[in-house]
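S.K.: Numbering (this note's numbering), first residue to last: 776 to 1060.
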Amino acid sequence: VSTNFSPTELPTFPSWKAGGLVPAVVYIFCFLLGVPGNIAVILLKPNWQNLSSLSRTLMLNLAVSDLLCLVTLPIWAYSILYGWIFQLAACKLSAYLVYCSFHGSLLTVTALSVHRYLAVRYFVIVLQRRCHQLLDKVLLVLLWLAALILSTPALVVHQLKTDMPWTECITYPSEAQQMAIGLTKVLVGFASVSIVVLIYMRLLWKLNQAVFFNNSQTTRLVTCVTVTFFILWLPYHIINVLTVIAVSLKNENLIHVCRDARHFVATVLFINSSINPLLYAFASK
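1. Roughly how many angstroms lie between the CA atoms of Trp851 and Val873, to the nearest whole one?
2. Could you give the uninterrupted runs of the beta strand (DSSP E) lying entirely in the region 884 to 964, keeping only those of 3 residues or more?
3. Output needed for Val810: all residues of its chain with C-beta closer than 6 Å, excluding positions within five of it in sequence on either side, in chain order.
4. Give me the Cα-Cα distance between Tyr892 and Leu856, rounded to the nearest whole angstrom.
5. Just tell me which of Ser967, Val895, Cys866 and Ile817 has its CA closest to the CA of Leu935.
6. Counting only the same chain and skipping the five closest in sequence on each side, list residues whose C-beta sits under 6 Å from that of Leu1029.
7. Using the C-alpha atoms, what's the distance from Val816 back to Arg896?
8. Give the range of the alpha helix (DSSP H) segment to which Leu845 is assigned.
9. I believe Phe1057 touches Tyr802 by the beta-carbon criterion, under 8 Å. Please report the beta-carbon distance rounded to the nearest angstrom.
10. Measure the CB-CB distance between His1012 and Gly964 and report whether it falls below 7 Å.
11. Does DSSP put Pro811 in a helix, in a strand, or in coil?
12. Whether or not the region 971 to 980 and the region 913 to 926 are in contact is what I'm after, with contact meaning three or more pairs of Cβ atoms, one per stretch, closer than 8 Å; do they touch?
13. For Asn813, which residues in the same chain have their Cβ closer than 6 Å to its Cβ, ignoring the five residues on either side in sequence?
14. Could you give the distance in angstroms between the alpha-carbon of Ser969 and the alpha-carbon of Leu818?
15. Over what stretch of residues does the alpha helix (DSSP H) that includes Trp851 continue unbroken?
16. Taking buried to mean at least 16 other C-beta atoms within 10 Å of its own C-beta, is Gln824 buried or exposed?
17. Measure the alpha-carbon distance for Thr1018 versus Val916 and round it to whole angstroms.
18. According to the Cβ coordinates, are Thr942 and Trp859 closer than 7 Å?
19. Are the Cβ atoms of Pro1010 and Val1040 separated by less than 7 Å?
20. What did DSSP end up calling Asn1026 once you bin it into helix, strand or coil?
21. With a CB to CB cut of under 7 Å and the five nearest residues on each side skipped, what residues in its chain are close to Leu882?
22. Mind reading off the beta-carbon distance from Val932 to Tyr947? Whole number of angstroms is fine, and I expect it under 8 Å.
23. Helix, strand or coil for Asn825 per DSSP?
24. Are the CB atoms of Leu868 and Ser1049 nearer to each other than 7 Å?
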């Protein structure tokens, strides 16, 4: 069998490029650290007696959301090194699961911050509603419904790209799709960040700070998880904004930069999901 490649023209094996090897190693590390940690959180339920029922529910929901994306990491690590070996349906479903997890985490942390504000600002009302577990379940259903809806573009834009001898599971949006998805991500991210920032500004500046810090465990836990979450998600939001700008200006160079930065951004988000159990343990002491 003959080929069209001379010895000097053989395609470079992509698995050993730093851009593929480093993320793959980090993915496996996050998997080994985060999966057992989040399973332990779900099964053992840490020492959260001082948290309200809804706060405990949201923290457990965050652990479930983190676990959902982390269990896919071996697949993504392998695909970075050796290419995608599964069918198109697996590509779309794996990407959809990751996006559902990311959106679920984003909405859960936002809800957790809002609930913390209500617990301080309207303490009596929150105490009275603790028995209404049905409302907690409704909130979770609405949260995951929103996550499922926000993640549907992943089912549309993810395709298989074959560049012999490798096949990749990547996003293949049209310009209109790229703009629509980018704007949605920017708006959702901006809304979440704005809500959390305004809540903490009001708690720290407008309310009695002694009230905010009357429960050191609750404050330490919620603040630690929230601040860490939004710091590690900052690159994701920045890339989304730059993508919208690049597409609107038709700047191909910036579009390629944003596309190349996706591996780094995804890696940081996976790191966040893997270290949350450590934050729970630290803040619960």
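All C-beta atoms, glycine included, are put in the ideal place defined by N, C-alpha and C.
All figures in this text were calculated on a predicted structure; none of them were measured in a lab.
M.R.: Let me lay it out:
1. Residue 851 sits at position 76 when you count from the first residue of the sequence shown. Residue 873 sits at position 98 when you count from the first residue of the sequence shown. Going from the Cα of Trp851 to the Cα of Val873 covers about 11 Å.
2. 933 to 938 and 941 to 946
3. As a working mapping, residue 810 is identified with position 35 in the sequence shown. Excluding sequence neighbours, Val810 sits near Leu845.
4. Residue mapping note: residue 892 aligns to position 117 of the sequence shown, counting from 1. Residue mapping note: residue 856 aligns to position 81 of the sequence shown, counting from 1. Tyr892 and Leu856: Cα-Cα distance of roughly 45 Å.
5. Looking up residue 935 in the sequence shown gives position 160. Considering only alpha carbons, the answer is Cys866.
6. Along the sequence shown, read from residue 1 onward, the residue named residue 1029 stands at position 254. Within the same chain, Leu1029 has close Cβ partners Ala1021.
7. Looking up residue 896 in the sequence shown gives position 121. Looking up residue 816 in the sequence shown gives position 41. Rounded to whole angstroms, Arg896 to Val816 spans 29 Å at the Cα level.
8. As a working mapping, residue 845 is identified with position 70 in the sequence shown. Per DSSP, Leu845 belongs to the alpha helix (DSSP H) from Ser828 to Leu845.
9. In the sequence shown, residue 1057 corresponds to position 282, counting from 1. In the sequence shown, residue 802 corresponds to position 27, counting from 1. Between Tyr802 and Phe1057 the Cβ distance is about 24 Å, and since that is not below 8 Å, they are no contact.
10. Taking the first residue of the sequence shown as position 1, residue 1012 is located at position 237. Taking the first residue of the sequence shown as position 1, residue 964 is located at position 189. For His1012 and Gly964, yes; Cβs fall inside 7 Å.
11. Taking the first residue of the sequence shown as 1, we reach residue 811 at position 36. Residue state, collapsed to three classes: helix.
12. no
13. Within the sequence shown, residue 813 is the residue found at index 38, counting from 1. So the qualifying residues of the chain are Ala838, Asp841, Leu842 and Pro1052.
14. Walking along the sequence shown from the start, residue 969 turns up at place 194. Walking along the sequence shown from the start, residue 818 turns up at place 43. Whole-angstrom Cα-Cα distance: 33 Å.
15. Numbered from 1 along the sequence shown, position 76 holds the residue referred to as residue 851. Its alpha helix (DSSP H) spans residues Leu848 to Tyr857.
16. Position 49 of the sequence shown, counting from 1, holds the residue named residue 824. By the neighbour-count rule (16 or more Cβ atoms within 10 Å), Gln824 is not buried but exposed.
17. Here residue 1018 refers to the residue found at position 243 when the sequence shown is read from its first residue. Here residue 916 refers to the residue found at position 141 when the sequence shown is read from its first residue. Cα-Cα distance, rounded: 31 Å.
18. For this step, residue 942 is matched to residue 167 along the sequence shown. For this step, residue 859 is matched to residue 84 along the sequence shown. Yes, these two residues count as a Cβ contact at 7 Å.
19. Here residue 1010 corresponds to residue number 235 of the sequence shown, with the count starting at 1. Here residue 1040 corresponds to residue number 265 of the sequence shown, with the count starting at 1. Result yes, Cβ atoms of Pro1010 and Val1040 sit closer than 7 Å.
20. Taking the first residue of the sequence shown as position 1, residue 1026 is located at position 251. Asn1026 falls in the coil class under three-state DSSP.
21. Here residue 882 corresponds to residue number 107 of the sequence shown, with the count starting at 1. Same-chain partners within the cutoff: Leu918, Ala921 and Ala922.
22. Translated into positions along the sequence shown, residue 932 becomes position 157. Translated into positions along the sequence shown, residue 947 becomes position 172. About 6 Å separates the two Cβ atoms, so the contact holds.
23. Counted from its first residue, the sequence shown places residue 825 at position 50. Reduced to three states, the DSSP call for Asn825 is coil.
24. Walking along the sequence shown from the start, residue 868 turns up at place 93. Walking along the sequence shown from the start, residue 1049 turns up at place 274. No; because the gap between Cβ atoms is not below 7 Å, this pair is not in contact.
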